[in-house]
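Peer 1: Quick one: structure below, then a few questions.
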Amino acid sequence: MKLAIIGYGAMGQLVAKLAAEQGHEISVTLNSRDAERGSEELASSLRGCDVAIDFSVAAVVIRNVKACASAELPLVEGTTGWQSRLDEVKNVVSQNDGALIYGANFSVGVQVFYRIAASAAELFHSLESYDAFIEEAHHKRKRDAPSGTALQLGEIVALHVGREVPVSSTRAGYIPGTHRVGFDSAADQIILEHTARGREGFAAGALLAASWIIGRKGVYEFSEVFDEIIKA
Numbered sequence: 679m680k681l682a683i684i685g686y687g688a689m690g691q692l693v694a695k696l697a698a699e700q701g702h703e704i705s706v707t708l709n710s711r712d713a714e715r716g717s718e719e720l721a722s723s724l725r726g727c728d729v730a731i732d733f734s735v736a737a738v739v740i741r742n743v744k745a746c747a748s749a750e751l752p753l754v755e756g757t758t759g760w761q762s763r764l765d766e767v768k769n770v771v772s773q774n775d776g777a778l779i780y781g782a783n784f785s786v787g788v789q790v791f792y793r794i795a796a797s798a799a800e801l802f803h804s805l806e807s808y809d810a811f812i813e814e815a816h817h818k819r820k821r822d823a824p825s826g827t828a829l830q831l832g833e834i835v836a837l838h839v840g841r842e843v844p845v846s847s848t849r850a851g852y853i854p855g856t857h858r859v860g861f862d863s864a865a866d867q868i869i870l871e872h873t874a875r876g877r878e879g880f881a882a883g884a885l886l887a888a889s890w891i892i893g894r895k896g897v898y899e900f901s902e903v904f905d906e907i908i909k910a
């Protein structure tokens, strides 16, 4: 694949490193120096690539989506904190007959964790003596709170347990990304936990998504097509 990396911070650099190790070509990298460029100007830089991967900031996601759509470039959107504008993103992609896959978390392990949490919540559906809850903790530099992963976990667990699920967040020090799903009663407490040891899992998942989205049209959520992606 000929890749465009949008957002060349820690995540973008890791994606580029892993992509190169897998034999892919990094054709374009865009970083904070490109922040003031408009979507059409960005589009001119992106043409000729096979796919773009965006790990930038929420404030520029719409611009990046427009640029990729204009360049007829499928996009893997790994940035979080912009999902309140999902309808706008879908409209841009649809109007340009484009392709985009987004997700709160591209880690393969987290996708499995979502499924474990859903199965556990289903077991507690009829056990009203148990209250479900979500806790997440990250390093102090992480901007969004709760994390996109925690919000998605909350939706998954609430759907299967049939009750509202509170989500709490901590931002401190150098805490690795940690997500807990708990079920608490007067008798006992059950905790399911996922801890990220690094960003490699996110980068690997983003590259899987990039390979999958090439040649497709429309907007996809990573969790919804995960089973298809890992079988491709």
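In terms of the numbering used here, the sequence shown has 858 at position 180, counting the first letter as 1, and numbering is strictly consecutive.
Even glycine gets a Cβ: it sits at the ideal position worked out from N, Cα and C.
Please return the same chain residues whose Cβ sits closer than 6 Å to the Cβ of residue 855, not counting the five positions on each side in sequence.
Peer 2: Within the sequence shown, the letter at position 177 stands for residue 855. Here the set comprises 816 and 874.
Peer 1: Less than 8 Å separating the beta-carbons of residue 781 and residue 872?
Peer 2: On the sequence shown, position 103 is the one that residue 781 refers to. On the sequence shown, position 194 is the one that residue 872 refers to. No; because the gap between Cβ atoms is not below 8 Å, this pair is not in contact.
Peer 1: Rounded to whole angstroms, what's the CA-CA distance from residue 886 to residue 806? Just pull it up for me.
Peer 2: Within the sequence shown, numbered from 1, the residue matching residue 886 stands at position 208. Within the sequence shown, numbered from 1, the residue matching residue 806 stands at position 128. Taking the straight line from one Cα to the other gives about 39 Å.
Peer 1: Under three-state DSSP, which class holds residue 704?
Peer 2: The sequence position of residue 704 within the sequence shown is 26, counting from 1. If DSSP states are grouped into helix, strand and coil, residue 704 belongs with the strands.
Peer 1: Do the region 698 to 705 and the region 789 to 799 meet, that is, are 3 or more Cβ pairs less than 8 Å apart?
Peer 2: no
Peer 1: By how many angstroms is the C-alpha of residue 840 removed from the C-alpha of residue 764?
Peer 2: What you label residue 764 is simply residue 86 of the sequence shown in a count that begins at 1. What you label residue 840 is simply residue 162 of the sequence shown in a count that begins at 1. Taking the straight line from one Cα to the other gives about 25 Å.
Peer 1: Whose C-beta lies closer than 6 Å to the C-beta of residue 743 among residues of the same chain, with five residues either side of it excluded?
Peer 2: Taking the sequence shown and counting its residues from 1, one reaches residue 743 at position 65. Contacts found: 767 and 770.
Peer 1: Give every residue of the same chain whose Cβ lies closer than 8 Å to the Cβ of residue 688, excluding the five residues on either side of it in the sequence, and list them in chain order.
Peer 2: Position 10 of the sequence shown, counting from 1, holds the residue named residue 688. Once the five neighbours on either side are set aside, the close Cβ partners of residue 688 are 877.
Peer 1: Measure the alpha-carbon distance for residue 803 versus residue 843 and round it to whole angstroms.
Peer 2: The residue given as residue 803 occupies position 125 in the sequence shown. The residue given as residue 843 occupies position 165 in the sequence shown. Near 12 Å, if we compare the C-alpha coordinates of residue 843 and residue 803.
Peer 1: Per DSSP, residue 827 forms a beta bridge with which residues?
Peer 2: The residue labelled residue 827 in the question sits at position 149 within the sequence shown. Residue 827 is not bridged to any residue.
Peer 1: DSSP state of residue 797, grouped into three classes?
Peer 2: Locating residue 797 in the sequence shown gives position 119, where the first residue counts as 1. Three-state DSSP puts residue 797 in a helix.
Peer 1: Out of 690, 783 and 747, state which residue places its alpha-carbon closest to the alpha-carbon of residue 902.
Peer 2: Counting from one through the sequence shown, the residue named residue 902 turns up at place 224. For the residues 690, 783 and 747, the minimum Cα distance to residue 902 belongs to 783.
Peer 1: Residue 838 to residue 800, Cα distance in whole Å?
Peer 2: Within the sequence shown, numbered from 1, the residue matching residue 838 stands at position 160. Within the sequence shown, numbered from 1, the residue matching residue 800 stands at position 122. Roughly 5 Å separates the two Cα atoms.
Peer 1: Please state whether the Cβ-Cβ distance between residue 776 and residue 747 is less than 8 Å.
Peer 2: Reading the sequence shown from its first residue, position 98 is the one you call residue 776. Reading the sequence shown from its first residue, position 69 is the one you call residue 747. Residue 747 sits close to residue 776, with the two beta carbons spaced by under 8 Å.
Peer 1: Residue 860 and residue 811: beta carbons closer than 8 Å?
Peer 2: Position 182 of the sequence shown, counted from the first residue, corresponds to residue 860. Position 133 of the sequence shown, counted from the first residue, corresponds to residue 811. In terms of Cβ geometry, residue 860 and residue 811 form a close pair [threshold 8 Å].
Peer 1: Starting from residue 733, trace the beta strand (DSSP E) both ways and give me its first and last residue.
Peer 2: What you label residue 733 is simply residue 55 of the sequence shown in a count that begins at 1. No beta strand (DSSP E) contains residue 733, which DSSP labels as neither H nor E.
Peer 1: Taking residue 892 as part of the beta strand (DSSP E), name the residues at either end of that continuous run.
Peer 2: The residue you call residue 892 lines up with position 214 of the sequence shown. Where residue 892 is concerned, there is no enclosing beta strand (DSSP E), given that its DSSP letter is neither H nor E.
Peer 1: Using DSSP's beta-bridge definition, name the partner residues of residue 759.
Peer 2: For the purposes of this step, residue 759 is taken as the residue at position 81 of the sequence shown. Residue 759 is not bridged to any residue.
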